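Notes to accompany the following structure.
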Amino acid sequence: MKQIMLNKWLDPEPQRRRDAGFTLVELLIAVAMFTVISGAAFSLLAQHQPIFNQQQNLAEVNIALRNAVAQMELDVANAGANYYSSVNIPNYPVGVVITNNVQASGDCRSGTPLVYSTNCFDQMAIITADINTLPTTPSNSTGACASTKSASTSTAYLAPTGSPTTGYGAGAGGLAAATAAAANYKYNSGTNPDQLLFVKNDGSLYTTAKLAAATATATIGTNYFVKVTFGGTDTTTPGLNTAANDPYGMSTHDNSLLTDSFCSTNVDYVLRIVPITYKVDLTTPSNPTLLRTVAGQTQTISQQTLATQIIGFKIGASLFNNVNDTDTTTYGFDASSYNNGSSVPYNFTLVRSVMVSLIGRTNPNPGPNYVFQNSFDGGNYEIQGVSVVINPRNMSMTD
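Position in the sequence shown (from 1) plus 175 gives the number in our numbering.
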């Protein structure tokens, strides 16, 4: 008995059987189970991958819209800046210019996926004066009032605001001062001509002009001045401009605040402006792009893409109400029909608050497996929208 037990203890076969691993049947069962579980996992992944991409794209749209609106809030809040730099203008010139594209009938969208036309979008120009260019006072070649009224081009002779009636003095010193001013004032026609804002000394009337030639030094009597040549305003309506002479739309519509006569003896002013514009670019119709364009202080234009796939950009304005001296809460989205108790079309000096509505979409997905259609326009993409109200802090609420 002892020998049998000893032999059983020393027999290595049971140990070898324990170390032999899976049998073929066990391996086949394991492979089958792994296949079923892996298939289910990959199936769930395939189902959720489009949802993940969809949410990522929607988050990208959301971030782009928020960043664009944040930039607009900063710019609009500073509209009208630097007009008061060394100049006492009691009434404020224009700060925000709004170009509303109103769809008369039908739909501004067409095609599949939908393509948006220019009538779907507004445009905004934020007007500020160049802080590095001091205001000057204008006169004509005889020292009388300068006129911006001309069928082609006009000229004005500019003097420093400190001595509007004497120009830059006589003799070589006056010539040197005027020559330096012609260079240092940065008035330039160039590739991107400067835009000048002519303002009455009390801020009541204004017009604007775009330079048509480089500045030069000129004389009136024995005094030296800086001569500027610019596109003339309309010969029949005082101060009215064509879009070519006023690309920012400050004076392209008669608003009862325009004039074409400005005098150094009244200490009227000429300011160099550096506007910022917001508009939707349709160079690629399937991808409307929101652009921010800045007129630089050295005659340069910088352009920034704020957001792509923009399908809505509308701008409304609330006006100063001179009827009961209270601010109105009604926002007009058509500048041609502005009303603050009386008809004041295109009177942008009354703008006291701006409402911006911006809508963006994810990239259209025409794939046969993408069946989502949004409830806004039925397109095969998702949309995000944001609306903000901005108060230009330089515009008085009680004047």
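Note that CB positions come from ideal geometry on N, CA and C, so glycine has one too.
Treat the numbers as computed from the prediction; the structure is a model and nothing was measured.
With DSSP collapsed to three states, give me the class of ASN242. helix
Based on DSSP bridge pairs, tell me the residues matched to PRO313. LEU333
Using the Cβ count rule (16 or more neighbours within 10 Å means buried), how would you classify ASP377? exposed
With 16 other CB atoms within 10 Å as the buried threshold, where does ILE485 fall? buried
Would you kindly work out how many angstroms separate the C-alpha atoms of TYR157 and GLY214, rounded to a whole number? This structure cannot speak to residue 157, because the chain is shown only from 176 to 574.
Pairs of beta-carbons, one from the region 477 to 493 and one from the region 520 to 530, closer than 8 Å: are there three or more? Short answer: they touch.
Quick check on the burial criterion: 16 or more other C-beta atoms within 10 angstroms. Buried or exposed for MET299? Buried is the call here.
Excluding the 5 residues preceding and the 5 following ALA256 in the sequence, name in chain order all residues of the same chain whose CB lies nearer than 8 Å to its CB. Counting only Cβ-Cβ distances below 8 Å, and skipping sequence neighbours, we find THR303, ALA304, ILE306, ASN569.
Inter-residue spacing [alpha-carbon to alpha-carbon] between VAL445 and PRO520: 25 Å
Grouping DSSP H, G and I as helix and E and B as strand, with all else coil, what is MET570? coil
Short check: CB of PHE589 to CB of TYR332, under 9 Å? What the structure shows of the chain is the stretch from 176 to 574, and residue 589 is not part of that stretch, so it cannot be assessed.
Quick one: grab the DSSP three-state call for ALA207. helix
Would you say SER325 and ILE395 are within 9 Å of each other, going by their C-beta atoms? no
Same chain, Cβ closer than 7 Å to LEU121, neighbours up to 5 away in sequence not counted: Summary: the structure shown does not reach residue 121, with the chain confined to residues 176 through 574, and so no result is reported for it.
In terms of DSSP beta bridges, what is LEU371 paired with? ALA384, ARG447
Beta-carbon contacts of VAL455 that lie in its chain and below 6 Å, excluding the five residues immediately before and after: Shown here for VAL455: same chain residues with a beta carbon closer than 6 Å to its own, the five before and five after excluded, namely PHE296, PRO463, LEU465, ILE485, PHE488 in chain order.
Where SER562 falls, given that 16 or more other Cβ within 10 Å makes a residue buried: exposed
If distances are taken between C-alpha atoms only, which option among SER316, SER329, ALA319, ALA393 comes closest to ALA345? Selected option, being the one with the closest Cα: ALA393.
Buried versus exposed, by CB contacts within 10 Å (16 or more), THR323: Here THR323 is buried. Its C-beta has 16 or more other C-beta atoms within 10 Å.
Mind checking which residues open and close the beta strand (DSSP E) that includes THR354? It is not in any beta strand (DSSP E) - THR354 instead sits in the alpha helix (DSSP H) that spans 346 to 359.
Who are the near neighbours of GLN479 in its chain, counting only those whose CB is closer than 8 Å to its CB and skipping five residues on each side? LEU466, ARG467, THR468, VAL469
Can ASN430 and ASN522 be called in contact, C-beta distance under 9 Å? With contacts defined as CB atoms closer than 9 Å, ASN430 and ASN522 qualify as a contacting pair.
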